[in-house]
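Structure record follows, encoded as structure tokens.
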Amino acid sequence: MSHRLTFTLLAAALLAACQSNPTAQHSPETEAAAVAAEAYARQEASTARRDQATLDSIAVTGSRLRSEQAKAVMATGSAYAPPPPPAPPAPAMMVQYRAANVAVEQYASPSANTEKYAARDDNPVRRTLDEPVSTFSVDVDTGSYSNVRRMLREGQRPPADAVRAEEFINYFRYGHAVPTDRSRPFNVTTELAPAPWNAKRQLLMVGIKGYDVPKATLPPANLVFLLDTSGSMESPDKLPLLKQSFAQLVKQLRAQDRVSIVVYAGSAGLVLPPTPGDRHDEILAALDRLQAGGSTNGGDGIRLAYAMAKQAFVKEGVNRVILATDGDFNVGTVSQDALETMVADQRASGIALTTLGFGTGNYNDALAEKLADVGDGNHAYIDTLQEGRKVLVDEMQSTLLTIARDVKIQVEFNPAVVSEYRLIGYENRVLANEDFANDKVDAGDIGAGHEVTALYEITPAGSGADRLPALRYGGKQVAAGASAEEVAHVRLRYKLPGQDSSRLIETPIARTSLTTQPSDAFRFASAVAAYADLLRGGQRIDGWNWSDVARTARAATGRDPYGLKAEFVGMVDQAHRLVGAKTDEPAIAGE
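Have a look at this one:
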């Protein structure tokens, strides 16, 4: 668009010059240029009228996506191929445009990287005598892993704050045991084994697996696609990939489902009112018409999306807004606190919010993740068409059907057996211990078929592997009569959908459950946790290195129907080459 705008301005200037300069009017070169400029101006006016007709039902303004590019992207059945690693940023350079005898100079500089990530510190090591209880909310988000994968593929070192260990771990399935019946919405399993990076310590894996349901038996769904069509969404890895990804979901919808499409750029607009889900052609045509342009008024878009969700609300069904964006809200309600409050207020109405991140350069991960948290939804990042299918097709029943709400985990460690512990990841999900039994405190939800995995690194008492120094005046002692047969006691609280009172599940972890031959799932999860730690600086895994992670993961791949675990092994090698060689270089810009 910048080229078209520049040429148009030059043409207008040339026409004005010709009209005010009789000598110039008789110059053959300028006469030819004037004719060409006038023809170009007429063509642009015609194009503008045609564009406006196309966008009559969309209240957005700005540059239009090249139709040939959009059609080419939509027509291909192949996955979106990530762009090659970017060349090093070039210094600002002089670009010269020439039309007839007129020369215009302007400076062009590479666009700044303004991606935003919430700052976080790793969970600290806790002394069991001082703090025996650890409480946190479950998290089923996966966006951090696929976003970091995108960066590595582009040859870019991820900033440490982009790495959330729990989202790396939960990206993969570990085959936790499913519930034997639906008297409980999920099953809880534990596994205890020596930590692979330090045999004197141990890892405790807590796994949760929700019951699954066939897609055909899902309750009616009322979905609002809230799609960012601002100018920042114009690149192939944003709006074109978004349209391809959502097209895969549309083909799964049924007559009992309802779909609305709301878009937002400089203002918000309704592209498709609530429409039966089996009208695939109508929904796909509405998607295909979307074009990028304008600034980003996300606040107005969210308001309109919730209004449409309320209009088509399905009692006893699924009501969800799916927000797809690069998160670059820059007009209207731009305060993250205000947006969070808006979403949290709507949560009580029974409408959940899922956020899907797209693109690079200005991706606002901090906002997308937080809005999903407060909106009782989940957050994913889509970097390829395969990831779009994974999130919007293969795992859609997990996203749509919530089987347990406000799920909280509390682990009490036995100081007679465990001297120290640390929770790996979940830093922004940690809860106060008193919040565990407080049913007013919001927590994460679990959908049909969801798996949640959490890892604790623990230091056995008397092992000599303590990280915290001994206290000179420590006065606390192990309670008299404390059993040495239990390592810890796991408690979970959850609410069934539509209920306000929580239920409790308790599971003791016996000392005798320690195994020296852990499962493939345990070993692979430990490798993923170590990989995340290395990306954040490698401060928590003693002498373990990239080769150890790759070797452990490769040997524990096990069943891998979609090749995601094999892909992970390749990403470890790629991260080693990139991060290992650039430990002293700054990461990308971000907050």
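Throughout the sequence shown, residue numbering follows my numbering, covering 1179 to 1769 in sequence.
For each residue, glycine too, the CB sits at the ideal point set by N, CA and C.
6 angstroms CB neighbourhood of Y1323 in its chain, flanking five on each side removed:
E1345, F1346, Y1349
So which of E1629, L1692, L1382, G1736 has the shortest CA-CA distance to F1364?
Cα-wise, what sits closest to F1364 is E1629.
Say whether the stretch 1439–1458 touches the stretch 1479–1486, bearing in mind that this needs 3 or more beta-carbon pairs closer than 8 angstroms, one atom from each stretch.
yes
Under the DSSP definition of a beta bridge, which residues are partnered with I1602?
Paired residues: L1633.
Would you call the stretch 1634–1643 and the stretch 1708–1717 touching, i.e. three or more CB-CB distances under 8 angstroms?
Cβ pair count under 8 angstroms is below three, so no.
Quick check: what's the CA-CA separation for Y1740 versus V1595?
40 angstroms
To which residues of the same chain is E1605 closer than 8 angstroms at the C-beta, ignoring the five residues directly before and after it?
R1298, D1299, D1300, N1301, R1342, listed in sequence order.
Using CA atoms only, rank isn't needed, just tell me which of R1669, T1693, T1694 is closest to G1385.
R1669
Could you pull the start and end residues of the alpha helix (DSSP H) that D1466 belongs to?
1458–1466
With a threshold of 8 angstroms, are at least 3 pairs of Cβ atoms found where one atom belongs to the stretch 1493–1506 and the other to the stretch 1396–1407?
Yes, the stretch 1493–1506 is in contact with the stretch 1396–1407.
Mapping the DSSP letters down to three states, classify L1531 as helix, strand or coil.
strand
Near A1544, which residues of its chain fall below 6 angstroms by C-beta distance, leaving aside the five closest residues on each side in sequence?
The residues are K1294, Y1295, A1296.
Can you give the beta carbon distance from G1535 to G1505, rounded, assuming they're within the 8 angstroms contact cut?
7 angstroms
Rounding to the nearest angstrom, what Cα-Cα distance links G1640 and G1715 in this structure?
Going from the Cα of G1640 to the Cα of G1715 covers about 29 angstroms.
Inspect the beta-carbon positions of I1683 and A1626 and report whether they are closer than 7 angstroms.
Not in contact: I1683 and A1626 (Cβ atoms no closer than 7 angstroms).
Inter-residue spacing [alpha-carbon to alpha-carbon] between A1558 and T1631:
17 angstroms
Relative to the C-alpha of V1656, which candidate in E1309, V1303, M1411, N1291 has its C-alpha closest?
E1309
Taking the beta strand (DSSP E) that D1551 belongs to, which residues open and close that run?
Counting along the chain, D1551 falls outside any beta strand (DSSP E), though it belongs to the alpha helix (DSSP H) covering 1543–1552.
Would you call the stretch 1599–1617 in contact with the stretch 1571–1578, where contact means no fewer than 3 C-beta pairs closer than 8 angstroms?
no
Taking the beta strand (DSSP E) that I1587 falls in, what are its first and last residues?
Its beta strand (DSSP E) spans residues 1580–1591.
Report yes or no: do three or more beta-carbon pairs, one from the stretch 1403–1417 and one from the stretch 1665–1680, lie closer than 8 angstroms?
Flag = no, the stretch 1403–1417 and the stretch 1665–1680 do not touch.
Distance, L1482 Cα to S1413 Cα
25 angstroms
Check whether the stretch 1374–1394 touches the stretch 1356–1363, counting contact only when three or more Cβ pairs, one atom from each stretch, lie closer than 8 angstroms.
yes
In terms of alpha-carbon separation, which member of R1732, A1371, R1671 lies closest to S1148?
With the chain covering 1179 to 1769 only, the question about residue 1148 has no answer from this structure.
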